[in-house]
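Contents: one structure, followed by commentary.
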Amino acid sequence: MTRLDTKDALASLYAEIEGRNPAQPEFHQAVHEVLETLAPVLEARPEYAEAGLIERLCEPERQIIFRVPWQDDRGRVHVNRGFRVEFNSALGPYKGGLRFHPSVNLGIVKFLGFEQVFKNALTGLGIGGGKGGSDFDPHGRSDAEIMRFCQSYMTELYRHIGEHTDVPAGDIGVGTREIGYLFGQYRRITNRWEAGVLTGKGQGWGGSLIRPEATGYGNVLFMAAMLRERGEDLEGQTAVVSGSGNVAIYTMEKLIALGANPVTCSDSGGYVVDDKGIDIELLKQIKEVERGRVSEYAERRGASARFVPNGRVWEVPADIALPSATQNELDEKDAETLIRNGVKAVSEGANMPTTPAAVQLFQKVGVAFGPGKAANAGGVAVSALEMTQNHSRTSWTAARVEEELDRIMRDIHTTCHETAERYGAPGDYVTGANIAGFERVADAMLAQGVI
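Counting from 5, one number per residue, gives the positions in the sequence shown under the numbering used here.
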């Protein structure tokens, strides 16, 4: 097949997938972004197309939707919808987080699960891809209400998961508190201490050191590797970071440790710019302890910080950008602004935070771009290391975990960089990540037959 024939076949397949999955724009976007890079590998490896691997890879192995009834502190009954999409288990048990947020629907979970398949493959660890969550909003809810919701959610989910089957973790709206309630209910129902069934646990009961920090730390390590490829390092670079949750906070912390200066953070109300650089301990106090808003950071920080309501964090001039909030938060106009202000590299801490048009613009002008499936793989990598520790009933030191994280992120960067060069797209980390992840999953699927 010629390159044109292959692209036509992929376009036809995408149209079929789009038709089979109506009203799921995020899933369509994630699939299209991968399919448009696969023509070279399908020409080199025609057996992939002959085995129908792409068709199978784009269809989840299992999609679970269930009712989650729970009672608030006033005795009122609420009903939410729960999801778990077990996408691909060719490389190992399904692995991926749970997201509790009002925006969660089947299309969102499928997009996240699809991305997770490639991300997990890039780590080189034995984990497949899945994702789950609920349209429940934990903001403004008491600990008791969140506990009751988590217990109801797990009362259905428990029958679909297990340390050798499907291992959920946290995501937006699901931190150590929520994982604790979920794990407690799983243990109560099953009468088993199966620590490996959930990751992101507290350190006193099966959790791993560096797990809370891993996604943000890993993203910065990937950024550092991209800059090294260009003969630069992070020292002295001004960074614009979006978000103020777990990923954003530990992205900033690692940037500071490596000599860069993050000057922004944001939430749904707007963003803060701090001319002196973000005070990470103050931000942690407000967001992690008090569960407050970034506007409070500006009020307490002093004259160096100002809050911009309903603004776009990408308006702030910076050398590097690390979108770390949510999907499609950085669009083409934002990319134009960043480029005009001299940005040299962008690395995704969130899942698919950059729109396709923005990605193309960055690549067109030569801005180094690290896609989330590679750049934010540190979180799931340390989750897999947590599973390893659980299986051996042991706990590693923070230094050992961080050393492993650094090695894994360097390996992911090298794999993406070398794969892109091998397929005629030097410097294109999107193509490199997609093809490298695809090849690893596809080879395993070929070996295991048509299932």
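In this text, a Cβ means the ideal position worked out from N, Cα and C, and glycines have one as well.
The closest CA to that of residue 153, considering only 76, 442, 95, is found on 76. According to the DSSP secondary-structure assignment, residue 29 is paired through a beta bridge with no residue. Taking all protein chains in view, the Cβ of residue 209 is surrounded by fewer than 16 other Cβ atoms within 10 Å, so the residue is classified as exposed.
In the three-state reduction of the DSSP assignment, residue 109 falls in the coil class, being assigned neither a helical nor a strand state.
For residue 188, the enclosing alpha helix (DSSP H) stretches over residues 180 to 194. Between the alpha carbons of residue 226 and residue 81 lies a gap of roughly 45 Å.
Below 8 Å, too few C-beta pairs join the segment 110 to 129 and the segment 189 to 203 to call them touching: fewer than three.
One thing to note: residue 292 has its Cβ no nearer than 9 Å to the Cβ of residue 300. Looking at the DSSP output, residue 138 bridges to 86, 104.
The residue among 454, 435, 452 with its C-alpha nearest the C-alpha of residue 41 is 435. Rounded to the nearest angstrom, the Cβ distance from residue 133 to residue 124 is 5 Å, consistent with a contact under 8 Å. Here residue 448 has 94, 95 as same chain residues with Cβ atoms under 7 Å from its own Cβ, once five neighbours each way along the sequence are excluded. Annotation for residue 313: the continuous beta strand (DSSP E) segment containing it runs 309 to 313.
The C-beta distance from residue 187 to residue 438 rounds to 34 Å, too long to meet the 8 Å contact threshold. Take residue 441, set aside five residues on each side of it, and the residues of its chain with a beta-carbon closer than 6 Å to its own are 122, 125, 126, in chain order. The closest CA to that of residue 428, considering only 44, 100, 16, 151, is found on 44. The segment 233 to 243 and the segment 399 to 413 do not touch, with fewer than 3 CB-CB distances between them shorter than 8 Å.
Annotated as distal: residue 281 and residue 253, with beta-carbon spacing of 9 Å or more.
Taking 4 residues as the minimum length, the alpha helix (DSSP H) runs contained wholly in the segment 305 to 382 are 336 to 344, 360 to 369, 376 to 379, in order along the chain. Excluding the 5 residues flanking it on each side, residue 180 has same chain C-beta neighbours closer than 8 Å at 174, 204, 205, 206, 211, 216, in chain order. Nearest Cα to residue 370 within the set 346, 391, 388: 346.
Check the Cα spacing between residue 262 and each of 243, 271, 269: the tightest is with 243.
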